[in-house]
Amino acid sequence: MILFKEVTKIYAPERPAVDNVSFGVEPGEFTSLVGKSGSGKTTLLKLFLREEFPTAGQVMFGEQNVHEIPDVRLPEFRRKVGMVFQDYKLLQYKTAYENVAYVMEVMGAKEEDIERDVMEVLDIVGLEDQAEQYPYQLSGGEKQRVAIARSLIHRPDIIIADEPTGNLDPYHTKDIVALLVKINELGTTVILATHNKDVINKLGKRVLTLEDGKLIRDEKRGRFML
Amino acid sequence: MLTGFKRIVRSGWEKFARDKSSSGAALFTMVIVLSVVAALYCFQGASSFFVSSLQESVDISAYIADTASSEDIEKLEASVKALPEVKQAEFISKEEALERFVNDHKNDEVILQSLEVLGQNPLSASLNIKARGSEHYPAIAEFLEDPSLSSVVSFVDYRDRARIIERLEKLADGIRGAALFFIVFAGLIGVLVAFNTTRLTIYSSRDEVEVMRLVGAGNWYIRGPFLMQGVVVGVFATLIVLLFMFPAAMFLGVRVSSFVPGFDLFQFFASNIVWILLLQLGVGIGLGVFSALIAIRKYLKV
Numbered sequence: 016m017i018l019f020k021e022v023t024k025i026y027a028p029e030r031p032a033v034d035n036v037s038f039g040v041e042p043g044e045f046t047s048l049v050g051k052s053g054s055g056k057t058t059l060l061k062l063f064l065r066e067e068f069p070t071a072g073q074v075m076f077g078e079q080n081v082h083e084i085p086d087v088r089l090p091e092f093r094r095k096v097g098m099v100f101q102d103y104k105l106l107q108y109k110t111a112y113e114n115v116a117y118v119m120e121v122m123g124a125k126e127e128d129i130e131r132d133v134m135e136v137l138d139i140v141g142l143e144d145q146a147e148q149y150p151y152q153l154s155g156g157e158k159q160r161v162a163i164a165r166s167l168i169h170r171p172d173i174i175i176a177d178e179p180t181g182n183l184d185p186y187h188t189k190d191i192v193a194l195l196v197k198i199n200e201l202g203t204t205v206i207l208a209t210h211n212k213d214v215i216n217k218l219g220k221r222v223l224t225l226e227d228g229k230l231i232r233d234e235k236r237g238r239f240m241l
Numbered sequence: 474m475l476t477g478f479k480r481i482v483r484s485g486w487e488k489f490a491r492d493k494s495s496s497g498a499a500l501f502t503m504v505i506v507l508s509v510v511a512a513l514y515c516f517q518g519a520s521s522f523f524v525s526s527l528q529e530s531v532d533i534s535a536y537i538a539d540t541a542s543s544e545d546i547e548k549l550e551a552s553v554k555a556l557p558e559v560k561q562a563e564f565i566s567k568e569e570a571l572e573r574f575v576n577d578h579k580n581d582e583v584i585l586q587s588l589e590v591l592g593q594n595p596l597s598a599s600l601n602i603k604a605r606g607s608e609h610y611p612a613i614a615e616f617l618e619d620p621s622l623s624s625v626v627s628f629v630d631y632r633d634r635a636r637i638i639e640r641l642e643k644l645a646d647g648i649r650g651a652a653l654f655f656i657v658f659a660g661l662i663g664v665l666v667a668f669n670t671t672r673l674t675i676y677s678s679r680d681e682v683e684v685m686r687l688v689g690a691g692n693w694y695i696r697g698p699f700l701m702q703g704v705v706v707g708v709f710a711t712l713i714v715l716l717f718m719f720p721a722a723m724f725l726g727v728r729v730s731s732f733v734p735g736f737d738l739f740q741f742f743a744s745n746i747v748w749i750l751l752l753q754l755g756v757g758i759g760l761g762v763f764s765a766l767i768a769i770r771k772y773l774k775v
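Heads up: the sequence lines are chains A and B, in that order.
Here this note's numbering is used: the first residue of the first sequence is 16, the next is one more, and so on.
Here this note's numbering is used: the first residue of the second sequence is 474, the next is one more, and so on.
As structure tokens, then:
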């Protein structure tokens with residue numbers, strides 16, 4: 016379980032980026048974080064990934080306070096999380112296969128395991144035929160599928176998707192959201208940060224709404240209301 | 474472990490191959506530094522050979538007074554041989570000296586006729602002495618020039634050559650010092666260029682580093698390839714320098730042997746190739762890794 020307990024993050028004193036936010040996410044849950052740009056969505060995600068430290072409060076993952084994890088154990092913690100970014104962050108000089116395989120290499124997996132798992136996960140995202148394509152040869156939707164495959168390959172407990180449809184047209188947006196729902200149905204917790212109204216309204220899942228760093232709404236089957 | 478190391482090596486090589494301009498600049502500077510190191514090594518070999526061959530040719534000749542008795546000569550020879558500084562002492566009688574002189578000038582009619590005209594042996598008997606090292610010659614000369622031996626020793630021939638050796642040694646030391654200064658200077662430039670290469674690579678790899686951090690790569694898995702890039706620069710610079718040194722040693726060998734007779738530069742280079750290779754690798758990899766480490770500590774936050 017992920018738990019944010021009265022978390023505050025202040026960059027500039029006159030305007031906290033996150034202001035006394037508390038919520039929890041159960042294992043296997045699909046939760047959307049919505050809000051305008053600058054509402055604190057990305058800061059919350061960075062706090063969870065321990066890219067940032069809170070000014071006050073605690074971020075828990077299970078029994079562990081994320082910000083008390085020793086540096087040497089941080090890689091181990093991050094291997095439990097898969098990240099999907101708006102700008103994909105694919106390595107341009109690697110093929111789709113290599114971009115996904117790279118994560119397993121970093122984790123020290125054997126070549127034969129890498130080959131088997133990468134093809135399996137490319138199959139899940141529907142890119143088994145594009146494995147040898149470089150990012151510049153793929154469409155936006157396909158790049159995001161590679162990014163999702165990369166986030167899945169090490170079988171994380173949680174997938175965090177930060178504006179994954181921000182650069183996509185409506186057709187590909189629908190496609191990517193459907194993929195995230197499918198991953199969630201397979202048992203992985205998904206946290207989706209977005210400001211795409213249509214996506215949220217069609218999902219019918221839990222929605223946390225942020226405004227000026229404050230959590231103003233938490234609904235089980237929420238809608239985008241800003 | 475081994476798989477991880479292989480991947481770090483491969484990734485370091487990829488970084489080196491991808492950033493051609495900055496890798497090329499680092500490689501070029503490292504080649505200059507290592508060329509100076511190799512040249513200094515060869516210079517050291519040539520100067521040592523030259524000085525030691527000069528030292529080999531040095532001896533002290535104590536010319537014996539014609540009035541000296543054979544007992545005095547035997548005593549002198551015994552006491553010289555007893556000196557700890559003396560390696561070898563050979564007595565050459567007047568007759569032997571004449572014989573050697575005639576033999577050395579057997580084709581010079583004028584000298585041979587002059588000897589006949591003289592009607593007597595003009596040469597003195599001598600004691601030719603070799604010391605254990607060039608530094609011992611002053612002490613042996615001082616012993617032979619002692620007033621108590623003036624009735625036996627008429628003249629000691631040594632001082633002029635000693636000064637030449639001393640000057641040559643000083644000159645060689647001076648050149649070595651200047652070359653070392655140049656190596657340090659070029660080494661600093663090498664470190665600076667390699668440091669900037671790593672910095673640029675870190676900058677151009679920032680997305681990759683971010684992805685690596687977020688997928689849980691360990692610190693050394695992220696840092697290793699940048700260090701490996703420094704190693705690759707060092708290894709390649711060494712290979713390039715060695716590749717150029719072989720023909721250069723062949724080409725310059727004739728010129729060097731006209732300055733240092735008997736010294737074969739190519740032979741020296743070939744027989745010391747392992748040491749030169751180790752020295753080059755040590756300096757090249759050392760500088761490459763050192764500069765990469767500084768850049769990583771400063772710019773690569775993991």
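Idealized CB from N, CA, C, for every residue including glycine.
Beta-carbon gap between residue i and residue j smaller than 8 Å
i, j, result
"A/ILE175", "A/VAL96", "yes"
"B/GLY761", "B/ALA659", "no"
"B/ILE537", "B/SER587", "no"
"A/VAL214", "A/ARG238", "no"
"A/GLY72", "A/LYS20", "yes"
"A/LYS158", "A/PRO171", "no"
"B/ILE758", "B/VAL714", "no"
"A/VAL22", "A/THR204", "no"
"B/THR670", "B/SER484", "no"
"B/LEU481", "B/MET701", "Residue identity check: residue 481 of chain B is Ile in the sequence provided, not Leu. Yes. Within cutoff."
"A/VAL140", "A/ARG160", "yes"
"B/ILE613", "B/VAL524", "no"
"B/ASN601", "B/LEU571", "no"
"A/ARG232", "A/HIS169", "no"
Within chain B, partners of residue i - CB distance below 7 Å
i, result
"A/MET98", "LEU687"
"A/VAL22", "Neighbours of A/VAL22 on chain B: none; closest Cβ ~20 Å, over 7 Å."
"A/TYR108", "ARG491"
Backbone CA spacing between residue i and residue j [nearest angstrom]
i, j, result
"B/ALA562", "B/PHE741", "32 Å"
"B/SER627", "B/ILE505", "57 Å"
"B/LEU751", "B/ILE533", "41 Å"
"A/SER166", "B/VAL747", "49 Å"
"A/SER154", "B/GLY477", "32 Å"
"B/GLU550", "B/SER520", "34 Å"
"B/ARG723", "B/LEU738", "With the sequence shown as reference, residue 723 of chain B is identified as Met, and Arg is not the correct amino acid for it. Using only the alpha carbons, I get a separation of about 7 Å."
"A/THR180", "A/HIS187", "8 Å"
"B/LEU687", "A/LEU64", "8 Å"
"A/ASN114", "B/ASP492", "19 Å"
"B/GLY735", "B/GLU681", "58 Å"
"A/LEU194", "A/GLY156", "11 Å"
"A/ARG131", "A/ASP138", "11 Å"
"A/ASN35", "A/LEU89", "25 Å"
"A/PRO69", "B/VAL708", "46 Å"
"A/VAL49", "A/LYS235", "14 Å"
"B/ILE769", "B/GLY697", "10 Å"
Residues bridged to residue i [DSSP beta-bridge criterion]
i, result
"A/GLU234", "A/VAL222"
"A/MET5", "Any property of residue 5 of chain A remains undetermined from this structure, which presents chain A solely from 16 to 241."
"A/GLY39", "A/LEU18"
"A/ILE173", "A/VAL96 and A/THR204"
"A/LYS229", "A/GLU226"
"B/GLU563", "B/ASN601"
"A/LEU48", "A/ALA208 and A/LEU223"
"B/SER534", "B/ASN601 and B/ASP630"
"A/VAL33", "A/LYS24"
Other residues of its chain near residue i: CB distance less than 7 Å, five sequence neighbours each side excluded
i, result
"A/PHE100", "ALA162 and ASP177"
"A/TYR26", "ALA32"
"A/GLN145", "ALA111, LEU153 and GLU157"
Nonlocal neighbours in the same chain, by C-beta distance under 8 Å from residue i, ignoring five residues either side
i, result
"B/ILE656", "VAL506, VAL509, VAL510 and LEU513"
"A/TYR117", "LEU106, LYS109 and ARG165"
"B/PHE717", "SER508"
"B/GLU615", "none"
Proximal chain B residues relative to residue i, where beta-carbon distance stays under 8 Å
i, result
"A/VAL104", "One detail in the question is off: residue 104 of chain A reads as Lys in this sequence, not Val. Per Cβ cutoff of 8 Å: ASP680, GLU683 and VAL684."
"A/LEU64", "LEU687"
"A/GLU91", "GLY689"
Within chain B, partners of residue i - CB distance below 9 Å
i, result
"A/HIS169", "VAL688 and GLY689"
"A/LYS125", "THR476"
Contact set for residue i: own chain, Cβ-Cβ below 6 Å, skip 5 residues either direction
i, result
"A/ILE84", "PHE92"
"B/ALA499", "VAL666, ALA667, THR670 and VAL706"
"B/ASP630", "SER534"
Proximity test, residue i beta-carbon vs the ligand NAD heavy atom, cut-off 7 Å
i, result
"A/GLU66", "In the structure shown, the ligand NAD is absent, as is every other ligand, since no ligand is present at all."
Beta-carbon neighbours of residue i, restricted to chain A and to distances below 7 Å
i, result
"B/TYR694", "VAL121"
Interface residues of chain A facing residue i [CB-CB closer than 8 Å]
i, result
"B/ARG770", "Result: empty, since nearest Cβ-Cβ is about 15 Å, beyond 8 Å."
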